[in-house]
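Asker:
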Amino acid sequence: MKKILLLLLLIVAGFQGFSQTPGISYQAVILNPNTKELPGVNAQTSILANSNVAVRFTVMNESYEQEYQEYHQTKTDAYGMINLLIGHGTRISGSYFEDILWIGLSKKLKIDIDFSGTGNNFVLLSEQNLTYMPQPASTETLQLISDNTIKILEEEVRAMEEEAILQTELNTTQTGAGLNADGTYAANTSANYISGSTSLQDAANDLDAQAKVNADAIATNNTNVKAELD
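Residues -19 to -1, 1 to 211 (mature numbering (1 follows the signal peptide of the UniProt record, and there is no 0)) make up the sequence shown, in order.
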């Protein structure tokens, strides 16, 4: 009876130098699928040494839709081991490996193997969660993040300063209009604008004059506020 046996040793995130396209390092020991069984004797597995094999990798997104697929044609060493870099194989379908979105959502990695090495007789080997980001941020990306962080902090400081200036102008405007800082009316008990008036006409003129002074003050402060906003 033929059995498909394969021992998966390691799948780790691998970075093959700064100048190369990053990928996922895959290492496995391949066992011979043609193990012979004798009556009364337990089958002894053996490694598949110095043999051509094909391996297909498929990245599935959180909706279990195929996002990327590639295959490798390789050869096991004397110990049945293969070392591959996912992302550097022959692309079959989907986007390019470097275009895969690693944004924290769950992904799965399907692994198929073809013991003939032709790439025409794949059988499912394993399927497992892929929960890490196999590519580091580039130097340019890190610098962009740093620059944007500095700009955001500078903008926050500038906005706070502008807000303080605007509040000062607003307070001045309200005070000139006889209002408290919260916008409520403040009676000015020391301003007896018509106390020296000798007639109703004088009183009216005095009030008009003071109203003009207040209006001019408000207009001036409104101009200052508008300038700050612009």
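From the three backbone atoms N, C-alpha and C, an ideal C-beta is built for every residue, glycine too.
If we require 4 or more residues per run, which alpha helix (DSSP H) segments fall completely within the stretch 16 to 103?
Answerer: DSSP runs (the alpha helix (DSSP H)) wholly in the stretch 16 to 103: none.
Asker: Identify the residues that DSSP records as bridge partners of Ser107: which are they?
Answerer: For Ser107, which the question treats as bridged, DSSP gives the partners Ile92.
Asker: Taking all protein chains shown into account, do 16 or more other C-beta atoms lie within 10 angstroms of the C-beta of Asn202, making it buried, or fewer, making it exposed?
Answerer: Buried is the call here.
Asker: Pairing CB atoms from the stretch 126 to 133 with CB atoms from the stretch 74 to 92, are three or more of them under 8 Å?
Answerer: No, because fewer than three Cβ pairs between the stretch 126 to 133 and the stretch 74 to 92 fall closer than 8 Å, the two stretches do not touch.
Asker: Count the other CB atoms within 10 Å of the CB of Val22; is the residue buried (16 or more) or exposed (fewer)?
Answerer: In this predicted model, Val22 has a pLDDT of only 49, less than 50, meaning its place in the structure is not dependable enough to derive any value.
Asker: Given this structure, state the Cα-to-Cα distance separating Gln54 from Asp80, to the nearest angstrom.
Answerer: Near 23 Å, if we compare the C-alpha coordinates of Asp80 and Gln54.
Asker: What's the C-alpha gap between Ala24 and Leu66?
Answerer: Its pLDDT being 48, under 50, Ala24 is placed unreliably by the model, and nothing is read from it.
Asker: Can you check whether the CB of Ile92 is closer than 8 Å to the CB of Val104?
Answerer: No.
Asker: For Ala100, I'd like the list of residues in its chain whose CB is within less than 8 Å of its CB, leaving aside the five on either flank, ordered along the chain.
Answerer: The residue asked about is misnamed: residue 100 is Gly in this sequence, not Ala. Excluding sequence neighbours, Gly100 sits near Ala35, Arg37, Tyr52, Gln54.
Asker: Have a look at Ser44, Gly68, Ala196 and flag the residue whose alpha-carbon is nearest the alpha-carbon of Thr153.
Answerer: When only C-alpha atoms are compared, the closest one is Ala196.
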